[in-house]
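Asks: Below you will find the structure I want to go over with you.
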Amino acid sequence: MEQKGQRADWIDAAKLVAILGVLVDHTQNVLYSNHRIADCSYYSVGLFIFLMGVTGYGSYSRYRGSIPEKLKKNFWKIARPYLVATFIFSIAQDGQFTFLAFWKRLLYFNASAPFYYVALYLQLMALIPVFAALLRVTSTKKDGILLEMLVFGATVVLSVWTTNHSNILDIYGGGGRLLGGSYLILCYLGLLLGKYRSRISVKPPVAILAWIAGICITLEWGLDMAGRSYWLERYLPIGDGRNPPGIGLGLYAVFMAITLYFMEKALSFSHGLTRAFRLVSALGKHTLYI
1 MEQKGQRADW
11 IDAAKLVAIL
21 GVLVDHTQNV
31 LYSNHRIADC
41 SYYSVGLFIF
51 LMGVTGYGSY
61 SRYRGSIPEK
71 LKKNFWKIAR
81 PYLVATFIFS
91 IAQDGQFTFL
101 AFWKRLLYFN
111 ASAPFYYVAL
121 YLQLMALIPV
131 FAALLRVTST
141 KKDGILLEML
151 VFGATVVLSV
161 WTTNHSNILD
171 IYGGGGRLLG
181 GSYLILCYLG
191 LLLGKYRSRI
201 SVKPPVAILA
211 WIAGICITLE
221 WGLDMAGRSY
231 WLERYLPIGD
241 GRNPPGIGLG
251 LYAVFMAITL
261 YFMEKALSFS
271 HGLTRAFRLV
281 SALGKHTLYI
């Protein structure tokens, strides 16, 4: 069983897998041209957001200080490098510094294509303490799990609406949707795992079976995504199914996270394998601030 407050290596491993997905996606038509390879990597942003929920719950469940102060501190951790990066990109693109051009790029998050993620992250960052507080309250209620499922249902309905019927400054993807669109669902699911993962106790043999099953399901799902088979979207259309993600890509990210979660538990029977897993996962620790 995981100890509360202990950082799990699988989270860093998942961040490493997510950043590798980003690299594969962004090198299409540079290192390769097969769209199926790129399609297999579209889990990356969804996985980052899911992990954001996991770590967000852990952070706020232990925090007893001022929430506004914590949000302010977290905001500037993102805003400072974003300001600097936008400033550099503006000069690089224009060959000079023009405040109006800089301001527009800053406001529209379009100095570089990936900057939409900052807009997405900031929206969800503001919501996480609300969800975390709600999940703490449900722990004290007799029907707490039922309440959490009702909140999940409301989150799905809200996310479907915001994905299809909201637009923030024409910012790309989830950054341009109110509350991140369907990324909000993944964030909430991550918060739920963050709450309950310390209560999940499985022996290595069971974890190994779960890990193998997770690998098979994730690989099969990835191949399905590579074939652009968004068949689930026929039943619950969420945007274009990519960014923000539809049900298919959302589940792809969740399967990836759960597989890595059980991978850590499956390797726990061997000190050597655990150490190797920790060393590899350390490569993902600082890939993104979540």
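Each step along the sequence shown adds one to the number in my numbering, with nothing skipped, and position 280 is 280. For glycine and all other residues, C-beta sits at the position ideal for the given N, C-alpha and C.
#1: In chain order, what residues of the same chain have a beta carbon less than 6 angstroms from the beta carbon of W10, not counting five sequence neighbours either side?
#2: Taking 8 angstroms as the cut-off, decide whether the C-beta atoms of L16 and L283 are in contact.
#3: Thinking just about the alpha-carbon of each residue, which of G173, G176, G214 and Y63 is nearest to the one in P129?
#4: Which complete alpha helix (DSSP H) runs does the region 157 to 198 hold, if anything under 4 residues is left out?
#5: Expressed to the nearest angstrom, what Euclidean distance is found between the alpha-carbon atoms of L20 and Y172?
#6: Hey, quick one: how far does the alpha helix (DSSP H) through F109 stretch, first residue to last?
#7: In chain order, which beta strand (DSSP E) runs of at least 3 residues are fully inside the region 29 to 92?
#8: With respect to the alpha helix (DSSP H) encompassing K265, which residues constitute its N-terminal and C-terminal limits?
#9: Go ahead and pull the three-state DSSP assignment for T98.
Replies: Per the coordinate set shown:
#1: Taking the first residue of the sequence shown as position 1, residue 10 is located at position 10. The answer, listed in chain order, is L260, Y261 and E264.
#2: Here residue 16 refers to the residue found at position 16 when the sequence shown is read from its first residue. Here residue 283 refers to the residue found at position 283 when the sequence shown is read from its first residue. Against a cut-off of 8 angstroms, the Cβ pair of L283 and L16 comes out as a contact.
#3: If you number the sequence shown from 1, residue 129 lands on position 129. Comparing Cα positions, the closest option is Y63.
#4: 183 to 196
#5: By 1-based counting over the sequence shown, the position of residue 20 is 20. By 1-based counting over the sequence shown, the position of residue 172 is 172. Rounded to whole angstroms, L20 to Y172 spans 21 angstroms at the Cα level.
#6: Translated into the one-based positions of the sequence shown, residue 109 becomes position 109. Counting along the chain, F109 falls outside any alpha helix (DSSP H), and DSSP gives it neither H nor E.
#7: none
#8: Position 265 of the sequence shown, counted from the start, is the residue given in the question as residue 265. From DSSP, the alpha helix (DSSP H) with K265 extends over I247 to A266.
#9: Position 98 of the sequence shown holds residue 98. Three-state DSSP puts T98 in coil, outside helix and strand.
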